[in-house]
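*Asks:*
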Amino acid sequence: MKPLYDTPDDFEAEIRIMRENEGGRISPPYNGIRWDFAYDGDIIKETGIYMIWPDFINEKGNSLPTDKALSIDKILKARMIIISDEMREKIHRDRIVEGLHFFCHEGSRRVAEGIVTKITGLHLERKKIKHRT
5 MKPLYDTPDD
15 FEAEIRIMRE
25 NEGGRISPPY
35 NGIRWDFAYD
45 GDIIKETGIY
55 MIWPDFINEK
65 GNSLPTDKAL
75 SIDKILKARM
85 IIISDEMREK
95 IHRDRIVEGL
105 HFFCHEGSRR
115 VAEGIVTKIT
125 GLHLERKKIK
135 HRT
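Using the working numbering, the final residue of the sequence shown is 137, and nothing's skipped along the way.
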């Protein structure tokens, strides 16, 4: 199956979607969810949150379908894509390393936690994608 996004991924991660009693999701999300990303230890009111989106994958590296609910409270593998090229270069290249713990947010609500398992294209230059007008 084709990757969910045309932009090459920056790193891979393992993500656990939190249960409702942990403050997480009431209903399961689907692949293609556009969560915001926060570094563990950051004070969000000071640093903000970032647009880094997951593409959940199976054991063969294929994107999971967008019409099937993702499992809650299970470890899921994902390719992660940093949406802003400027933030990718100015902030994330220096901060994202293997073993880094992070959180996924829906607004101010923390709904998932993850750990970076592999750096892929983060330090490579990528072509600017032209958006259709």
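From the three backbone atoms N, C-alpha and C, an ideal C-beta is built for every residue, glycine too.
In this structure, how does DSSP classify Lys122 when only helix, strand and coil are distinguished?
*Replies:* Counting from one through the sequence shown, the residue named residue 122 turns up at place 118. If DSSP states are grouped into helix, strand and coil, Lys122 belongs with the strands.
*Asks:* Please specify which runs of the alpha helix (DSSP H), each continuous and at least 4 residues long, are wholly inside the region 39-93, giving them in chain order.
*Replies:* 48-51
*Asks:* List the whole-angstrom C-beta distance separating Thr11 from Ile100, where the pair is believed to meet the contact cut-off of C-beta under 8 Å.
*Replies:* The residue you call residue 11 lines up with position 7 of the sequence shown. The residue you call residue 100 lines up with position 96 of the sequence shown. Actually they are not in contact, since the Cβ atoms of Thr11 and Ile100 sit about 16 Å apart, beyond 8 Å.
*Asks:* Quick check on His127: does DSSP put it in helix, strand or coil?
*Replies:* Here residue 127 is taken as the residue at index 123 of the sequence shown, counted from 1. Coil at His127, not helix or strand.
*Asks:* Using 10 angstroms around the beta-carbon of Asn66, count the other beta-carbons present and answer buried if the total reaches 16, otherwise exposed.
*Replies:* Here residue 66 refers to the residue found at position 62 of the sequence shown. Per the 10 Å Cβ criterion, exposed.
*Asks:* For Ile87 and Trp57, which I take to be in contact (beta-carbon distance under 8 Å), what is that distance rounded to the nearest angstrom?
*Replies:* In the sequence shown, the residue the question calls residue 87 occupies position 83. In the sequence shown, the residue the question calls residue 57 occupies position 53. Rounded, the Cβ-Cβ distance is 6 Å, consistent with contact.
*Asks:* Sort His96, Ser31, Ala82 and Lys6 by Cα distance to Gly118 and report the nearest one.
*Replies:* Along the sequence shown, one-based indexing puts residue 118 at 114. Of the listed residues, the one whose Cα sits closest to Gly118 is Ala82.
*Asks:* Pull up the DSSP beta-bridge partners for Glu16, would you.
*Replies:* Locating residue 16 in the sequence shown gives position 12, where the first residue counts as 1. For Glu16, which the question treats as bridged, DSSP gives the partners Arg83 and Lys122.
*Asks:* Decide if the region 106-123 is in contact with the region 23-37; the criterion is three or more beta carbon pairs, one per stretch, under 8 Å apart.
*Replies:* yes
*Asks:* Taking DSSP's pairing of strands, which residues face Glu110 in a bridge?
*Replies:* As a first step, residue 110 must be located in the sequence shown, where it is residue number 106. Glu110 pairs with Arg113.
*Asks:* Please identify the residue among Leu68, Glu63 and Gly52 whose C-alpha is closest to the C-alpha of Phe107.
*Replies:* The residue you call residue 107 lines up with position 103 of the sequence shown. Closest by alpha carbon: Gly52.
*Asks:* So, Glu59 versus Pro7, is the Cβ gap smaller than 7 Å?
*Replies:* Residue numbering aside, residue 59 sits at position 55 when the sequence shown is read from its first letter. Residue numbering aside, residue 7 sits at position 3 when the sequence shown is read from its first letter. The amino acid occupying residue 59 in the given sequence is Asp; Glu does not appear at that position. Closer than 7 Å, so yes.
*Asks:* DSSP on Ile30, reduced to helix/strand/coil?
*Replies:* Here residue 30 is taken as the residue at index 26 of the sequence shown, counted from 1. Residue state, collapsed to three classes: coil.
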